[in-house]
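**Student:** Residue numbers (my numbering): 1131 to 1915.
The beta carbon of each residue, even a glycine, is placed where N, CA and C say it ideally should be.
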């Protein structure tokens, strides 16, 4: 845990030039720079260099030294070195050799400037210079500074903020220059008629029962107390008092299990807990209905849920929000709103009649857990990932999450013959066509299951992989040129799992597993006997357990396949004429190869849509805005200052970095994500970045922008294969290491098909490629909590 100290963040007393340097990029290898550009040293935060001769930087960052005014040659670039230790205010300093703009503001060294605050997104701003200057008891004294809120500069001349006892808060500055706070709160407002029980362990007397506060609020909640036994103490908790078990004799047991779930049914367990010791033995958090719902920490600190090793390592003294969810098909585990584990299982809950639910020990009162319990909720229905993330942010355990998709796509102008199935009817035996031409009805004996859509729009239909479960669309004319778009979540890659097909096998789109061109869940198309009877496999693989955007466009010359952001083009040597046939959704119209998965959306258009029109469909259905703790916990007309926490006596923790910026990449249990910078390209060839994560396992993706500042930045497209054109787009090389910490991340850029992505309906064959890298392993770094 980080203890409070008043020098966190930028050093005090440095001139306004420190803000100038903060606004600039670190030095980068093989980067084009212009006269007047400024680069920051990556090894000394007080060194920056001004470019006095533009060119291309070298492979290795130069040794800057600490001599003010030194000239350094770097590749074909010449730099003038400056040291902030020798800096004065602009009024006292000499002018810069070359005037330039910093964040759009003219700066030549002749006068001080005020830089606008950093932005997290278009609406949330970060306060500059406002930090905790000191505290006395629960009184927090803040230093002066400024923020730009909704386009207006707000100055803060210093002041104080008072915290309550046992309060966890996120501080902010409002548009009137007045400091405020958002306090962590338990999600009692989320109690509904699916809540079986909600218990807050905020007792000041350790021997008191903990009541079910959902009784009277939820139609199914019973009067049902958790009864304490053995060694239990009342302590300061996350947002109130909490109860701490000693790991020797202390545990809690419910008075009864009335209303608890049985059978293969959904459930959700949410718990806020602080493990106080990882003692080298298996210790139980929760125990109900046998192994299926058991939650425990093993001797190595690994978290197990339902007997499954989640891979998540619990840490002593770290408070975390655990959500264990089962939807009757897949079990999910979320930590602080982030999905850390999922597995497909078939669980049947049966009540253990010999005991009631216990927390803090195993079923036989062994394996006691030394931990602090803050609250527990048990539900017979599950919340969406977005709702779980919002609760985490309300608890001030911050996470990013994706909000629901924007809206259903807008149809191409003038198009009237399309069929669009949204599956948002309440019944599972039909799917209305929003265009009212080809509504689908149940054509089988097995009814698919209606469930919430994974993209946050309407409903989805879950098909069980049964030949006798499909919807009959009726007779459709499929012309020589057409487009089919679907959002499909395959639960398993059963051979030729068809989501759109017809009676006579004349055309089928499918997800195929271990056959045809290497298999592995490829997206493909069967042309049918009337058009050559050919299987066209794209090589593009659908991801199991998540929604995949899938598009097939057929023209007289080629087939265009797309799965999410990846696409491929194949020659059309078979599909040469239109056909009229009975069509179905969910299987091969009773002829086999049914889909085992869910469909959230499907669109059939009797013409070939353009690349930009397909991209618009993708953007509408799949691009979901990123939300974070600032969106959920800070007023829209305010700038975040930092996270702070108090116990009974005083303020004891302050963190102005991770929370202020709405991110926790540096926190234990959260993946770090960094941007390695933009590199210029023109035409084909490799581009490399230094990998700051050494040999750790990483995930990387690439973007295109029109300049080095990221203007018009969009994700670059991976082109797996382009017929008669070789490779196109971006092909990530495998990471290679020449030493333990010397790794390069390399991408091969190809413009063979026209470019790396499309912007304003035009392929881009030059510009700037940006690289983002995310560590796939938990970071064992400093945790502000």
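Just to confirm my understanding: we take residue 1518, look at its own chain, exclude 5 residues before and 5 after, and list those with CB closer than 6 Å. What are they?
**Tutor:** 1453, 1464 and 1467
**Student:** With a cut-off of 8 Å on the beta carbons, I'd call residue 1461 and residue 1470 a contact; round off their distance for me.
**Tutor:** Not confirmed; about 12 Å, so no contact.
**Student:** Whole angstroms is fine: what's the gap from residue 1329's alpha carbon to residue 1387's?
**Tutor:** 14 Å
**Student:** Leaving out five residues before and five after residue 1371 in sequence, what residues of the same chain have Cβ atoms less than 6 Å from its Cβ?
**Tutor:** 1332, 1334 and 1364
**Student:** Using a Cβ distance threshold of 8 Å, determine whether the region 1552-1570 contacts the region 1678-1697, with at least three qualifying pairs required.
**Tutor:** no
**Student:** Throw me the rounded Cβ distance for the residue 1427 and residue 1601 pair, which I believe falls under 8 Å.
**Tutor:** About 46 Å; that fails the 8 Å criterion.
**Student:** Do you know how far the Cα of residue 1605 is from the Cα of residue 1884?
**Tutor:** 39 Å
**Student:** Our contact map puts residue 1514 next to residue 1582 with C-beta atoms below 8 Å; I'd like the distance itself, whole angstroms only.
**Tutor:** 7 Å
**Student:** May I ask which residues mark the beginning and end of the beta strand (DSSP E) holding residue 1413?
**Tutor:** 1413-1417
**Student:** What are the boundary residues of the beta strand (DSSP E) that residue 1816 is part of?
**Tutor:** Per DSSP, residue 1816 is one residue of the beta strand (DSSP E) stretching across 1815-1820.
**Student:** In the DSSP output, what is residue 1298 paired with across the bridge?
**Tutor:** 1775
**Student:** List the endpoints of the continuous alpha helix (DSSP H) containing residue 1748.
**Tutor:** 1741-1752
**Student:** Where residue 1891 and residue 1543 are concerned, what is the direct C-alpha to C-alpha distance, given to the nearest angstrom?
**Tutor:** Rounded to the nearest angstrom, the two C-alpha atoms are 16 Å apart.
**Student:** Assuming the contact rule is C-beta atoms closer than 8 Å, residue 1614 and residue 1630 should be a hit. Round their C-beta distance to whole Å, please.
**Tutor:** 6 Å
**Student:** Are at least three pairs of beta-carbons, each pair with one atom in the region 1743-1763 and one in the region 1652-1663, less than 8 Å apart?
**Tutor:** no
**Student:** Please report how far the alpha carbon of residue 1612 lies from the alpha carbon of residue 1809, in whole angstroms.
**Tutor:** 38 Å
**Student:** Evaluate contact between the region 1161-1170 and the region 1179-1186, counting only Cβ atoms and requiring at least three cross-stretch pairs below 8 Å.
**Tutor:** yes
**Student:** Within the continuous alpha helix (DSSP H) that includes residue 1515, where are the two ends?
**Tutor:** 1515-1524
**Student:** Helix or strand or just coil, what does DSSP make of residue 1374?
**Tutor:** strand
**Student:** Since residue 1327 and residue 1354 are thought to touch, with beta carbons under 8 Å apart, how far apart are those beta carbons, to the nearest angstrom?
**Tutor:** 6 Å
**Student:** Name the two residues that bound the continuous beta strand (DSSP E) containing residue 1272.
**Tutor:** 1269-1272
**Student:** Is the Cβ-Cβ distance between residue 1887 and residue 1818 less than 8 Å?
**Tutor:** no
**Student:** Check the DSSP bridge columns for residue 1680 and list the partner residues they point to.
**Tutor:** Looking at the DSSP assignment, residue 1680 forms a beta bridge with 1616 and 1693.
**Student:** Exposed or buried, residue 1260, counting other C-beta atoms within 10 Å across all chains shown (16 or more means buried)?
**Tutor:** So residue 1260 ends up on the buried side.
**Student:** So, using beta-carbon positions, are residue 1406 and residue 1501 closer together than 8 Å?
**Tutor:** yes
**Student:** Relative to the alpha-carbon of residue 1485, which residue among 1416, 1736 and 1834 has its alpha-carbon at the smallest distance?
**Tutor:** That would be 1416, whose Cα lies nearest to the Cα of residue 1485.
**Student:** Quick one, which of 1734, 1575, 1554 and 1524 has its alpha-carbon nearest residue 1545's?
**Tutor:** With distances taken between Cα atoms, residue 1545 lies closest to 1734.
**Student:** If we call anything under 8 Å between Cβ atoms a contact, is residue 1402 one with residue 1356?
**Tutor:** no
**Student:** How about residue 1541: is its Cβ closer than 7 Å to a heavy atom in the ligand SAH?
**Tutor:** This structure does not include the ligand SAH; it has no bound ligands of any sort.
**Student:** Tell me the residue span of the beta strand (DSSP E) that contains residue 1330.
**Tutor:** 1325-1330
**Student:** Entirely within the region 1458-1507 and at least 4 residues each: give me those alpha helix (DSSP H) ranges in chain order.
**Tutor:** The qualifying runs do not exist here; there are none.
**Student:** Whole angstroms are fine: how far does the CA of residue 1312 sit from the CA of residue 1763?
**Tutor:** 6 Å
**Student:** Looking only at C-alpha atoms, which of 1491, 1587 and 1433 sits nearest to residue 1376?
**Tutor:** 1491
**Student:** What's the gap between the Cα of residue 1512 and the Cα of residue 1396?
**Tutor:** Inter-residue distance for residue 1512 and residue 1396 is about 7 Å (C-alpha atoms, whole angstroms).
**Student:** In the DSSP assignment, the beta strand (DSSP E) including residue 1761 goes from what residue to what residue?
**Tutor:** Taken as a continuous stretch (DSSP letters only), residue 1761 belongs to no beta strand (DSSP E), being part of the alpha helix (DSSP H) at 1759-1763.
**Student:** Taking the beta carbon of residue 1747 as the centre, do at least 16 other beta carbons fall within 10 Å, making it buried, or is it exposed?
**Tutor:** buried
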